[in-house]
Structure formats: structure tokens, C-alpha cells
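In the UniProt record's numbering, the protein residues as written are 1 to 254.
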């Protein structure tokens with residue numbers, strides 16, 4: 001018969017207690033009050049900050065923009081068709097940012113920095129905030145004269161200049177964007193160009209976001225001491241999208 005000593009049992013229990021690791025994870029959650037037209041109103045996310053990413057129950061990501069006393073206004077980074085009133089939302093604790101790398105060169109992406117050219121995923125190990133301080137006026141150079149006003153010609157003129165070009169198409173026809181990409185490919189300009197495209201039937205929230213994504217990618221190369229040219233085609237479409245989005249958020253569009 002095996003004799004079990006009390007001190008041995010006590011030792012085993014103490015060892016088990018010491019090895020037990022309790023990880024407490026606090027998640028800031030809220031509830032969807034209203035959703036539609038790319039905007040959601042959330043109740044309960046008291047600790048969220050402006051520009052923070054939030055994740056909906058079905059996986060859609062949003063950006064908190066309006067911080068009001070009783071609820072917050074969130075811009076959806078997607079169509080949000082599967083989001084339902086009463087579903088849960090959690091704060092991520094991360095400010096809106098995208099992955100950046102040299103692998104974006106020659107690719108066509110959307111306002112979520114996802115490839116839409118059918119050439120697979122884009123690998124990246126770094127990230128940059130979507131809204132970051134702009135470079136000072138002193139550190140910028142004016143566009144040289146002699147360039148044409150046409151965006152494609154401007155990009156083509158950078159060939160052999162060791163420059164990185166970012167073309168942001170906002171609210172354009174899909175056929176127009178495809179024509180620009182085809183022209184750049186035929187002339188070998190896609191080797192040093194990134195195309196960010198949100199066409200006319202894209203949600204207003206994504207059309208508003210597209211120029212920011214273009215700026216993030218351009219600044220990534222600029223801070224790596226590369227000459228960078230960014231073209232917005234055109235910002236009036238973003239202004240219209242921002243006005244529509246602001247009206248839905250019940251805030252001044254100015």
C-alpha cells in the first residue's frame with residue numbers, strides 16, 4: 001500500500017499554483033445602434049479615441065471619427081452589408097494604419113491597400129499611420145515646368161528619373177482606370193508606379209479614404225530618400241464623398 005504524505009501533496013499543489021498563468025484581457029466593446037450608407041453609430045465604446053480602428057462582429061473594420069457624448073460615428077472600411085443593429089463591436093486599440101513595402105510597386109490596390117489586379121497578396125513587414133504629420137513646405141519641391149497636364153504623361157515622363165509614382169483614382173470609371181493601367185504597362189511605367197483606385201460605384205467612405213492611402217505609400221518611399229510623385233485624379237470626387245459622409249455623420253463638411 002502506497003503511503004501519501006501530506007507535505008508531498010502540499011508541495012505538488014503549490015507547484016501547480018505557481019505554474020498556473022492567468023492572463024486577463026480587457027476588451028472595450030459596444031453595440032451597433034444604427035448602420036447604413038457606410039456609417040455606423042455605436043453605443044458603449046467609451047474608451048475609443050479618434051481615428052482608432054474598431055472591429056465588428058462579422059469581421060468588418062471601421063474607423064472611429066465622431067466622438068459624441070452618447071455614441072460614436074464609425075466610417076466602415078467596406079460595404080458593411082452583413083452588419084446588423086444590436087451586434088457587438090470591439091475596439092482594437094490601434095490607430096488606422098496600413099502595411100507598406102517595396103512590393104507595392106507595379107500593383108493596383110484599393111483604398112484598403114488590398115490588391116485588385118489579380119496578382120496575389122502583397123507582402124509587407126512595416127506599417128504607417130493613415131493620418132500622419134505632412135512634410136513641411138521647405139522639404140517639398142515644386143513640379144518642374146514642361147510637364148503635360150495629363151496624369152499619364154506626367155508619370156511616363158518620370159521614366160529613368162529614379163522616381164516613384166503613385167496614381168490615385170477617385171470616383172473614376174472602371175474603364176478609365178483600366179485604360180490608364182494598360183497605358184502604363186505598355187510603356188513600362190508600372191515598374192515604378194502604384195495605382196490606388198476606388199471607382200465611381202465604390203462607397204463614399206472608401207472614396208474618401210483612397211487619397212490618404214496614396215499619401216501613406218508616397219511618404220513611405222519619400223522617407224526612404226526616394227523621389228516621389230503623387231497624382232490625385234481627382235480630389236473633387238473625394239470632396240463630394242467627404243460631404244456625403246459628413247452629412248451622414250451629422251457634422252460640418254468644412
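Quick reminder that beta carbons are idealized off the backbone N, C-alpha and C, glycines included.
- Around the C-beta of residue 202, 16 or more other C-beta atoms lie within 10 Å, and the residue is accordingly described as buried.
- Look at residue 214 here: in three-state DSSP terms it is helix.
- Judged by DSSP secondary structure, residue 178 falls within the alpha helix (DSSP H) whose first and last residues are 174-186.
- Taking residue 96 as reference, the option from 67, 102, 162 and 50 with the minimal CA-CA separation is 50.
- With a 10 Å radius around the Cβ and a threshold of 16 neighbouring Cβ atoms, residue 133 comes out exposed.
- Secondary structure note for residue 234: it is in no alpha helix (DSSP H), with a DSSP letter that is neither H nor E.
- The DSSP-derived three-state label of residue 81 is coil.
- Comparing C-alpha distances from residue 155 to each of 227, 17, 16 and 54 shows the shortest one belongs to 227.
- Sequence-distant Cβ neighbours of residue 168 in its own chain, meaning closer than 6 Å and more than five residues away, are 196, 210, 211, 214 and 232.
- Assignment of residue 70 by DSSP, reduced to helix, strand and coil, places it in the coil class.
- Classified as buried, residue 205 has 16 or more neighbouring CB atoms from the shown chains inside 10 Å of its CB.
- Beta-bridge analysis with DSSP links residue 56 to 89.
- For the stretch 93-172, the continuous alpha helix (DSSP H) assignments of 4+ residues that do not extend past its boundaries occur at 151-156, in sequence order.
- Our two residues, residue 52 and residue 91, have alpha carbons roughly 8 Å apart in a direct line.
- Around the C-beta of residue 162, fewer than 16 other C-beta atoms lie within 10 Å, and the residue is accordingly described as exposed.
- Membership of residue 199 in the beta strand (DSSP E) is indicated by the continuous run 193-199.
- Contact check for residue 108 against residue 54 fails: the beta carbons are separated by 7 Å or more.
- The residue from 151, 57 and 207 with its alpha-carbon nearest to that of residue 86 is 57.
- In this structure, the beta-carbon distance from residue 119 to residue 220 does not fall below 7 Å.
- Under the criterion of beta carbons closer than 8 Å, residue 35 and residue 80 qualify as touching, at roughly 6 Å.
- DSSP places residue 39 in the uninterrupted beta strand (DSSP E) bounded by 39-43.
- Put simply, the backbone Cα of residue 46 is about 12 Å away from that of residue 66.
- If you ignore the 5 residues before and after residue 235, its C-beta comes within less than 6 Å of no other C-beta in its own chain.
- The beta carbon of residue 73 is closer than 7 Å to those of 39, 41, 65, 66 and 249 in its chain, skipping five residues each way along the sequence.
- About 4 Å separates the beta carbons of residue 99 and residue 124, which is inside the 8 Å limit, making them a contact pair.
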